[in-house]
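Novice: Protein chains in written order, with my numbering: chain F, 23 to 367; chain Z, 23 to 367.
Where a beta carbon is used, it is the ideal one built from N, C-alpha and C, also for glycine.
Below: one structure in structure tokens.
There are 2 protein chains.
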Amino acid sequence: MTGRKLTIADVAKRAGVSTGLVSFALNGKPGVAPETRERILAIASDMGWQPDMRARALSKGRALAYGLVIHRDPAVLSADSFFPTFISGVERAISQRGHVLVLSVVDSAEQEIETYRTLTETGRVDGVFLTDVRRNDPRLALMESLRTQVVVVGYPDTDATMPVVSVADDHAAQELVAHLHALNHTDLALVMGPEHLLHASRWRDLILSAMQTRGMRVPRIVQTDFSAESGLIATKELLDSGDRPTAILYANDQMALAGLGYARRSGIDVPSELSISGWGDSDLTRYAFPSLTTVAVDSAEWGFRAATALMRAVAGAPQAPDVARQSILTIRESTALAPTAGVRS
Amino acid sequence: MTGRKLTIADVAKRAGVSTGLVSFALNGKPGVAPETRERILAIASDMGWQPDMRARALSKGRALAYGLVIHRDPAVLSADSFFPTFISGVERAISQRGHVLVLSVVDSAEQEIETYRTLTETGRVDGVFLTDVRRNDPRLALMESLRTQVVVVGYPDTDATMPVVSVADDHAAQELVAHLHALNHTDLALVMGPEHLLHASRWRDLILSAMQTRGMRVPRIVQTDFSAESGLIATKELLDSGDRPTAILYANDQMALAGLGYARRSGIDVPSELSISGWGDSDLTRYAFPSLTTVAVDSAEWGFRAATALMRAVAGAPQAPDVARQSILTIRESTALAPTAGVRS
DNA sequence: CTGAAAGCGCTTACAG
DNA sequence: CTGAAAGCGCTTACAG
């Protein structure tokens with residue numbers, strides 16, 4: 023409407039003060055007479071002035087933005103429930119400070135590294151989220167050398183000096199195993215994510231140790247890439263074998279959903295002949311038939327905490343590792359009493 | 023490693039030229055001797071110089087970034103397959119120019135407006151994507167007054183002066199209806215999205231007109247908010263009524279999946295007693311049992327084209343409306359011959 | 001073809 | 001408590 027964009031100089035002129043003073047008033051810096059500050063603020067808002075974040079970013083040497091790079095195949099991403107939920111939590115944390123999320127989707131590890139590098143070296147972001155941390159993750163060293171702030175989302179394998187925000191999942195793993203144990207399941211199978219992802223191997227280890235505690239037989243374990251397709255393949259392998267497990271624990275919901283589909287297709291009744299559990303935050307688990315027993319992860323809160331930690335780190339505050347709310351076992355229809363040995367075979 | 027960040031001045035000094043010339047060389051502007059340009063480029067890359075995008079943004083008066091604001095409940099978003107796929111397409115288009123996507127997730131219409139406004143008024147983005155366009159959408163007027171570039175993703179109801187990128191879905195609607203018609207379905211029900219969303223009512227209209235063409239009986243129509251939960255409720259309403267339809271067409275995959283779950287739970291066999299179809303891009307439709315007949319929308323390509331149009335608009339190029347690839351009917355197991363009237367009821 | 005300088009809109013020491 | 005000025009790292013007319 024008005025023509026050109028309003029600047030701090032316009033506000034200053036109208037208030038009869040210097041631009042520096044306007045800046046001080048706007049940013050709540052000390053050394054501005056209270057009534058002068060009020061007046062400046064009133065004028066600025068009256069004129070509808072908004073800061074130019076490009077200018078602010080340049081003079082502060084800060085982007086006031088954070089980067090998230092997602093390394094996923096588009097098809098797999100379409101069924102992924104973690105990132106959308108995680109992002110909504112991130113958003114809630116950063117938007118209240120007027121900061122912003124820069125999102126990038128890449129489909130190769132090289133591009134991923136390149137994107138992290140570019141985003142930080144060109145000053146696009148002040149810090150990044152590191153998800154899907156791998157064994158000896160090259161990104162950790164990269165970020166260190168780039169001197170960028172990062173928050174590790176999950177469980178890194180090194181005593182990283184960087185802030186770490188994880189989610190408490192040990193309790194849920196115990197509960198899930200206890201649940202199946204109480205239902206007389208002795209022959210479990212685990213469908214885990216790729217071994218090189220730390221949260222994938224951690225998941226397996228949590229389940230294994232919970233089983234060991236109860237003296238349960240060592241389960242069969244199949245590795246996947248977390249996609250529904252690979253979950254299907256793993257399920258085939260397990261169910262088409264001569265002696266199939268009585269329960270399959272999947273490391274995420276989309277694989278569990280695919281597995282459920284295959285079981286039913288094979289004429290195996292869930293849960294009377296086979297129990298199935300998922301893990302994650304997908305809304306769809308509740309609408310499947312049978313509805314899926316799963317472990318509900320509060321990814322939104324995780325995102326909120328991760329973003330908060332990252333902002334603190336950028337501000338130079340020391341960071342103690344933070345842990346998001348305990349994931350909770352949600353028992354639904356897909357798990358039930360194990361079929362008795364006689365009936366099977 | 024090296025200490026402070028390299029600037030264009032460092033490159034200029036090393037090359038023995040002015041910073042202006044370095045800038046010209048870097049940006050491929052005319053008026054730099056070819057060999058000087060080569061030398062400057064070599065030195066810059068040799069030193070590992072990267073542009074500071076904050077500075078570039080300020081001096082160009084461009085953010086070199088685009089905004090996408092998603093208005094969704096986090097739980098619903100967890101099962102949404104459109105945005106992740108769409109975003110991957112957007113990314114592919116903008117990243118090759120070093121541009122970036124600013125993503126925002128909000129959960130109210132007021133916040134949505136506020137976010138669009140802030141993003142553009144503070145110079146965070148050069149343009150925005152407008153998805154989920156509504157009847158008399160207030161965002162259209164807002165963007166107009168803000169003088170921001172926008173690309174409308176879908177079908178606006180006004181002869182907007184802004185670029186529009188839609189997806190060709192008419193053919194698929196015809197095919198879907200023809201498919202069911204050929205299977206002797208005469209009693210259809212539509213589970214559509216919220217009426218005030220233009221693509222939701224457009225979807226209904228496409229289906230209706232395809233049915234009309236074939237002289238089919240007017241279907242029952244239930245409105246939802248596109249969530250799996252609302253899809254479930256709609257399904258209950260349809261299936262628990264005395265006289266249920268022989269086929270239900272859902273406006274998106276997540277509702278279809280929820281509907282499929284409910285049908286099976288009610289002991290209704292799909293597809294022998296009830297046919298079901300989805301619409302969208304969810305990978306999960308292929309792993310359900312029965313697998314879902316759906317219309318595959320290439321959201322990634324749609325995102326690519328939308329981003330391309332937006333960048334062109336920002337660059338000042340005139341825009342003809344663009345249309346993404348035809349969506350295609352994917353026939354799977356959930357649709358089959360209609361039960362004969364005698365067998366039913 | 002090249003240089004010197006102003007400018008983008010903020011922030012932040014430095015004086016007073 | 002307030003002002004005048006330099007600076008952030010680029011880009012871009014303007015001269016020559």
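1) If you count every other CB in all the chains shown that lies within 10 Å of the CB of Val199 (chain Z), and 16 or more means buried, which is it?
2) Starting from the C-beta of Ile229 (chain F), find all residues in its chain whose C-beta is less than 7 Å away, skip the five residues before and the five after it, and write them out in chain order.
3) How many angstroms separate the CA atom of Ala256 (chain Z) from the CA atom of Ala250 (chain Z)?
4) Hey, could you find the ends of the alpha helix (DSSP H) Met69 (chain F) is sitting in?
5) Could you check how far apart the C-beta atoms of Leu205 (chain F) and Ala360 (chain F) are, in whole angstroms? I think they sit under 8 Å.
6) Looking at the structure shown, is Met333 (chain Z) part of a helix, part of a strand, or coil, going by DSSP?
7) Output the distance between the C-alpha atoms of Ser110 (chain Z) and Phe104 (chain F), rounded to the nearest integer angstrom.
8) For Thr315 (chain F), count the other beta carbons within 10 Å of its own beta carbon; 16 or more makes it buried, fewer makes it exposed. Which is it?
9) Could you tell me which of F:His218, F:Ala79 and F:Leu28 sits nearest to Arg157 (chain F), measuring between CA atoms?
10) What did DSSP end up calling Leu210 (chain F) once you bin it into helix, strand or coil?
11) Excluding the 5 residues flanking Gly364 (chain F) on each side, which residues of the same chain have their C-beta closer than 8 Å to its C-beta?
12) Kindly list the residues whose CB is nearer than 6 Å to the CB of Ala337 (chain F), restricted to its own chain and excluding five residues on each side of it in sequence; keep chain order.
13) Distance cutoff 8 Å, beta carbons only. Does Phe151 (chain F) sit that close to anything in chain Z?
14) Along the region 120-143 of chain Z, where does the CB come closer than 9 Å to a CB of chain F? Name the residues.
15) On the DSSP letters alone, give me the boundaries of the beta strand (DSSP E) that Gln72 (chain Z) sits inside.
16) Applying the criterion that 16 or more other CB atoms from any shown protein chain within 10 Å of the CB defines a buried residue, is Ser321 (chain Z) buried or exposed?
17) Going by DSSP, what residue range makes up the alpha helix (DSSP H) through Arg286 (chain F)?
18) Roughly how many angstroms separate the alpha carbons of Arg94 (chain Z) and Val240 (chain Z), rounded to a whole number?
19) If the cut is a Cβ gap below 8 Å, which residues of chain F does Val213 (chain Z) touch?
20) Which runs of the alpha helix (DSSP H), 4 residues or longer, sit entirely within the region 137-221 of chain Z?
21) Can you list the residues of chain Z that Arg146 (chain F) reaches, using a CB-CB cut of under 7 Å?
22) Residues of chain Z with a CB under 7 Å from the CB of Arg286 (chain F): which are they?
23) Once the 5 residues before and after Thr170 (chain F) are set aside, which same chain residues still bring their CB inside 7 Å of it?
24) Can you list the residues of chain Z that Ile255 (chain F) reaches, using a CB-CB cut of under 7 Å?
25) Distance cutoff 8 Å, beta carbons only. Does Ile350 (chain F) sit that close to anything in chain Z?
26) By how many angstroms is the C-alpha of His201 (chain F) removed from the C-alpha of Glu355 (chain F)?
27) I'd like the list of long-range same chain contacts for Arg61 (chain Z), defined as Cβ closer than 7 Å, with 5 residues on each side in sequence excluded.
28) Can you find a CB in chain F that lies within less than 8 Å of the CB of Asp305 (chain Z)?
29) How big is the Cα-Cα spacing for Ile298 (chain F) and Trp324 (chain F)?
30) Quick one: what's got a C-beta closer than 8 Å to Arg286 (chain F)'s C-beta in the same chain, skipping five residues either side?
31) For Thr107 (chain F), report the span of its beta strand (DSSP E) as first-last.
32) Assuming Leu298 (chain Z) is part of the alpha helix (DSSP H), what are its boundary residues?
33) For chain F, find out if any of its Cβ atoms is closer than 8 Å to the Cβ of Thr24 (chain Z); answer yes or no.
34) May I ask which residues mark the beginning and end of the beta strand (DSSP E) holding Arg242 (chain F)?
35) Which residues, in order along the region 227-252 of chain Z, keep a beta-carbon less than 7 Å from a beta-carbon of chain F?
36) Whole angstroms are fine: how far does the CA of Ala329 (chain F) sit from the CA of Val127 (chain Z)?
Specialist: On the basis of the data shown:
1) Residue 199 (chain Z) sits at position 177 when you count from the first residue of the second sequence. With 16 or more other Cβ atoms within 10 Å, it is buried.
2) Numbered from 1 along the first sequence, position 207 holds the residue referred to as residue 229 (chain F). Here the set comprises Ala195, Val199, Leu212 and Leu271.
3) In the second sequence, residue 256 (chain Z) corresponds to position 234, counting from 1. In the second sequence, residue 250 (chain Z) corresponds to position 228, counting from 1. The straight-line gap from Cα to Cα measures roughly 10 Å.
4) As a working note, residue 69 (chain F) is residue 47 in the first sequence. That run of the alpha helix (DSSP H) goes Pro56 to Met69.
5) Taking the first residue of the first sequence as position 1, residue 205 (chain F) is located at position 183. Taking the first residue of the first sequence as position 1, residue 360 (chain F) is located at position 338. Right, their Cβ atoms sit about 6 Å apart.
6) Sequence index remark: in the second sequence, residue 333 (chain Z) carries index 311 (1-based). Of the three classes helix, strand and coil, the one that applies to Met333 (chain Z) here is helix, per DSSP.
7) If you number the second sequence from 1, residue 110 (chain Z) lands on position 88. If you number the first sequence from 1, residue 104 (chain F) lands on position 82. The alpha-carbon atoms of Ser110 (chain Z) and Phe104 (chain F) are separated by roughly 16 Å.
8) Residue mapping note: residue 315 (chain F) aligns to position 293 of the first sequence, counting from 1. That one is buried.
9) Taking the first sequence and counting its residues from 1, the one referred to as residue 157 (chain F) is at position 135. If we check each option's Cα against that of Arg157 (chain F), F:His218 comes out closest.
10) The sequence position of residue 210 (chain F) within the first sequence is 188, counting from 1. Reduced to three states, the DSSP call for Leu210 (chain F) is strand.
11) Working through the first sequence from its first residue, we reach residue 364 (chain F) at position 342. Residue confidence for Gly364 (chain F) is low, a pLDDT of 48 falling below 50, so the modelled location carries little weight; the figure read from the coordinates is stated next. Counting only Cβ-Cβ distances below 8 Å, and skipping sequence neighbours, we find nothing.
12) Within the first sequence, numbered from 1, the residue matching residue 337 (chain F) stands at position 315. Excluding sequence neighbours, Ala337 (chain F) sits near nothing in its chain.
13) Position 129 of the first sequence, counting from 1, holds the residue named residue 151 (chain F). Answer no: the Cβ-Cβ gap between Phe151 (chain F) and chain Z never drops below 8 Å.
14) Gly120, Val122, Leu123, Val124, Leu125, Ser126, Val127, Val128, Asp129, Gln133, Thr137, Arg139, Thr140, Leu141 and Glu143
15) Here residue 72 (chain Z) corresponds to residue number 50 of the second sequence, with the count starting at 1. Note, Gln72 (chain Z): premise wrong, no beta strand (DSSP E); not H, not E.
16) Position 299 of the second sequence, counted from the start, is the residue given in the question as residue 321 (chain Z). By the neighbour-count rule (16 or more Cβ atoms within 10 Å), Ser321 (chain Z) is buried.
17) Within the first sequence, the letter at position 264 stands for residue 286 (chain F). Run containing Arg286 (chain F): Asp275 to Arg287, per the alpha helix (DSSP H) assignment.
18) Taking the second sequence and counting its residues from 1, one reaches residue 94 (chain Z) at position 72. Taking the second sequence and counting its residues from 1, one reaches residue 240 (chain Z) at position 218. Their backbone Cα atoms lie some 32 Å apart in a straight line.
19) Residue numbering aside, residue 213 (chain Z) sits at position 191 when the second sequence is read from its first letter. None at all; the shortest Cβ gap to chain F is about 13 Å.
20) 160-168 and 192-204
21) For the purposes of this step, residue 146 (chain F) is taken as residue 124 along the first sequence, with counting starting at 1. Going along chain Z in sequence order, the residues near Arg146 (chain F) (Cβ under 7 Å) are Met75 and Val122.
22) Here residue 286 (chain F) refers to the residue found at position 264 when the first sequence is read from its first residue. Correct list: Phe311.
23) The count along the first sequence starts at 1 and reaches residue 170 (chain F) at position 148. The answer, listed in chain order, is Thr142, Gly149 and Val150.
24) The residue given as residue 255 (chain F) occupies position 233 in the first sequence. Under the 7 Å cutoff, chain Z gives no residues; its nearest Cβ is about 11 Å from Ile255 (chain F).
25) As a position in the first sequence, residue 350 (chain F) is number 328, starting the count at 1. No, its Cβ sits nowhere closer than 8 Å to a Cβ of chain Z.
26) On the first sequence, position 333 is the one that residue 355 (chain F) refers to. On the first sequence, position 179 is the one that residue 201 (chain F) refers to. Each residue's alpha carbon lies about 13 Å from the other.
27) The sequence position of residue 61 (chain Z) within the second sequence is 39, counting from 1. Once the five neighbours on either side are set aside, the close Cβ partners of Arg61 (chain Z) are Ala37.
28) Along the second sequence, one-based indexing puts residue 305 (chain Z) at 283. Judged by the 8 Å Cβ criterion, Asp305 (chain Z) is in contact with chain F.
29) Locating residue 298 (chain F) in the first sequence gives position 276, counting from the first residue. Locating residue 324 (chain F) in the first sequence gives position 302, counting from the first residue. Rounded to the nearest angstrom, the two C-alpha atoms are 26 Å apart.
30) Here residue 286 (chain F) is taken as the residue at index 264 of the first sequence, counted from 1. Excluding sequence neighbours, Arg286 (chain F) sits near Val292.
31) For the purposes of this step, residue 107 (chain F) is taken as the residue at position 85 of the first sequence. That residue, Thr107 (chain F), is in no beta strand (DSSP E); its alpha helix (DSSP H) goes Phe104 to Ser117.
32) Your numbering for residue 298 (chain Z) matches position 276 in the second sequence. One detail in the question is off: residue 298 (chain Z) reads as Ile in this sequence, not Leu. No alpha helix (DSSP H) contains Ile298 (chain Z), which is instead part of the beta strand (DSSP E) from Ser297 to Ser299.
33) As a working note, residue 24 (chain Z) is residue 2 in the second sequence. A caution first: Thr24 (chain Z) carries a pLDDT of 44, below 50, which makes its placement in the model too unreliable to give a value.
34) For this step, residue 242 (chain F) is matched to residue 220 along the first sequence. Arg242 to Gln245 is the extent of the beta strand (DSSP E) around Arg242 (chain F).
35) Ala250
36) Position 105 of the second sequence, counted from the start, is the residue given in the question as residue 127 (chain Z). Position 307 of the first sequence, counted from the start, is the residue given in the question as residue 329 (chain F). If you take the alpha carbons of Val127 (chain Z) and Ala329 (chain F), they lie about 14 Å apart.
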